[in-house]
Amino acid sequence: MKFTLEQTDKNSKARVGVLETAHGKMETPIFMPVGTQGTVKAITQRTLSEDIKAPIILGNTYHLYLRPGTEILEKAGGLHKFMNWNNSILTDSGGFQVYSLTDLRKMKSDGVEFRSHLDGSKHFFTPEKVINIQRSIGSDIMMVLDECTPYPCELDYAVKSTQLTSDWAILNKEAFEKSKPLYGHEQYQFGIIQGSTYKELREKSARDLVKLDFDGYAIGGLAVGEPTESMYELTDFTTDFMPEEKPRYLMGVGRPENLLESIARGIDMFDCVMPTRNARNAYLFTSQGVVTIRNAHYKDDFSPLDPNCDCYTCQNFTRAYLRHLFNTNEILGLELASIHNVSFYLNLVREARKKIIEGNFVEWKNKIISKLEVNILQNMEE
RNA sequence: UCCGCGUUAGCUCAACGGUAGAGCAUUCGGCUGUUAACCGAAGGGUUGUAAGUUCGAAUCUUACACGCGGAG
289 MKFTLEQTDK NSKARVGVLE TAHGKMETPI FMPVGTQGTV KAITQRTLSE DIKAPIILGN
349 TYHLYLRPGT EILEKAGGLH KFMNWNNSIL TDSGGFQVYS LTDLRKMKSD GVEFRSHLDG
409 SKHFFTPEKV INIQRSIGSD IMMVLDECTP YPCELDYAVK STQLTSDWAI LNKEAFEKSK
469 PLYGHEQYQF GIIQGSTYKE LREKSARDLV KLDFDGYAIG GLAVGEPTES MYELTDFTTD
529 FMPEEKPRYL MGVGRPENLL ESIARGIDMF DCVMPTRNAR NAYLFTSQGV VTIRNAHYKD
589 DFSPLDPNCD CYTCQNFTRA YLRHLFNTNE ILGLELASIH NVSFYLNLVR EARKKIIEGN
649 FVEWKNKIIS KLEVNILQNM EE
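Position in the first sequence (from 1) plus 288 gives the number in the working numbering.
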């Protein structure tokens with residue numbers, strides 16, 4: 289994997305780098321919008337690449353395996369061609385579905401048995417199978433099959449689970465080396481560090497995985513309900529055991545302020561459903577705080593959603609209009625809101641990168657973070 | 001003019017003798033590797049009006065008002 293670490297912040301563990309896949313280069317820190325089923329919900333590929341300039345998005349192995357299925361994906365020539373996306377794709381393994389579909393799966397020593405959330409049919413996911421599915425998808429970065437543990441998680445279970453993830457990591461690696469890309473472009477593989485909220489397990493997990501020499505490393509199993517401080521502390525602790533020269537990915541995180549705090553703790557890559565899901569639920573992130581656009585307060589607010597944002601939504605429409613669209617349940621509201629939230633996230637990490645290079649990242653982060661996490665109406669009262 | 005049906009929350013309707021509920025709407029909140037255009041909470045009704053029967057009436061009776069349909 290081509291990852292160049294260009295600079296490290298003097299006042300924090302923040303890093304600036306460039307990551308290159310067969311589908312292009314991306315500057316880190318980077319946020320990857322989630323496109324579980326071969327679409328970042330409510331945003332076209334054109335907008336995503338040309339306007340928002342997202343260099344990479346996420347797909348999901350479990351969901352794409354169920355629909356459209358590997359046969360269709362292979363016939364299409366892989367997910368890139370199927371969905372007409374020419375930038376990079378990272379695919380999650382289904383490890384998160386172990387957590388989110390907990391009632392529909394059974395853990396076994398050699399894999400996970402899922403009962404489809406669609407028709408109840410049974411599907412057995414092994415580390416090898418998950419690699420093969422991701423070969424069919426053709427993602428640039430494949431994630432290993434892991435077990436994302438819930439919070440809270442008893443120590444006994446966390447010990448066993450972390451060991452299982454380590455054991456599977458070996459099988460993932462073997463399957464990766466045994467198999468080949470199907471579409472003529474190179475694919476990379478990231479390992480996932482688990483260990484719940486236990487530092488000793490996080491350290492052990494990191495050591496186990498680093499031994500296997502993956503192309504990059506992720507921290508999984510966080511942002512599952514633990515206190516935010518705990519998430520920060522575990523992230524800070526774990527990045528010390530992750531190789532300097534390889535990309536570090538904090539899975540499933542998070543709110544804008546979570547991104548900044550995690551960048552300060554040495555993370556290079558993020559993904560989260562929050563900008564897209566919350567957009568569809570009328571919860572918008574702005575430079576001045578959170579805007580819950582359904583609120584009656586905005587019914588005659590003809591100012592732009594975020595005056596400091598250059599996205600299509602903010603450049604062309606008012607808060608009153610956005611509220612109207614949500615109020616009337618119009619599809620365009622979902623699109624405009626999604627475009628803004630994803631733009632906001634990508635602009636945020638780009639700005640962070642700039643600040644790291646300029647040497648004033650921590651100062652900047654501390655200044656804006658208190659604004660970001662609060663509703664804009666509260667910010668205005670002060 | 002007569003006959004029938006109806007009138008309950010902003011709207012559409014439940015409850016048919018034991019002092020009213022839902023969906024939608026309204027107001028607000030929550031979403032962290034998507035089973036999510038989702039989920040949750042709150043506010044909102046002297047049951048068209050007046051009288052009667054009854055221990056007790058949205059519910060039964062009568063009159064009136066309004067609406068819809070039919071007959072003439």
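Just so it is clear, CB atoms sit at the ideal spot from N, CA and C, and this is done for glycine as well.
Please read all numbers here as calculations on a predicted model, not as lab measurements.
Query: Do you know offhand how far residue 573's Cα is from residue 580's?; Result: 9 Å
Query: Hey, which unbroken runs of the beta strand (DSSP E) at 3 residues or more fall wholly within the segment 383–448?; Result: 393–396, 399–403, 410–413 and 429–431
Query: Going by DSSP in three states, residue 312 sits in which element: helix, strand or coil?; Result: strand
Query: Just list the residues that DSSP pairs residue 295 with in beta bridges.; Result: 304
Query: From residue 397 to residue 426, what distance separates their C-alpha atoms?; Result: 27 Å
Query: Grab the span of the alpha helix (DSSP H) containing residue 510 for me, first residue to last.; Result: No alpha helix (DSSP H) holds residue 510; DSSP gives it neither H nor E.
Query: Determine contact between the segment 586–603 and the segment 321–340, defined as no fewer than three beta-carbon pairs at a distance below 8 Å.; Result: yes
Query: Note down the Cα distance separating residue 621 from residue 466, rounded to an integer number of angstroms.; Result: 47 Å
Query: The alpha helix (DSSP H) spanning residue 603 covers which residue range?; Result: 600–604
Query: Mark residue 628 as exposed unless 16 or more other C-beta atoms lie within 10 angstroms of its C-beta, in which case mark it buried.; Result: buried
Query: Span of the beta strand (DSSP E) holding residue 527?; Result: Counting along the chain, residue 527 falls outside any beta strand (DSSP E), though it belongs to the alpha helix (DSSP H) covering 516–527.
Query: Looking at the structure shown, is residue 365 part of a helix, part of a strand, or coil, going by DSSP?; Result: coil
Query: Check whether the segment 630–637 touches the segment 606–616, taking contact to mean three or more Cβ pairs, one atom from each stretch, closer than 8 Å.; Result: no
Query: In angstroms with no decimal places, state the Cα-to-Cα distance between residue 402 and residue 655.; Result: 45 Å
Query: So what does residue 348 bridge to, in DSSP terms?; Result: 380
Query: Can you check which of these residues, 480, 437, 416 and 335, is closest to residue 529 by C-alpha distance?; Result: 480
Query: Considering only residues of the same chain and omitting the five flanking positions on each side of residue 313, which have a CB-CB separation below 6 Å?; Result: 306
Query: Return the chain-ordered list of same chain residues with a C-beta closer than 7 Å to the C-beta of residue 406, the five sequence neighbours on each side being excluded.; Result: 354
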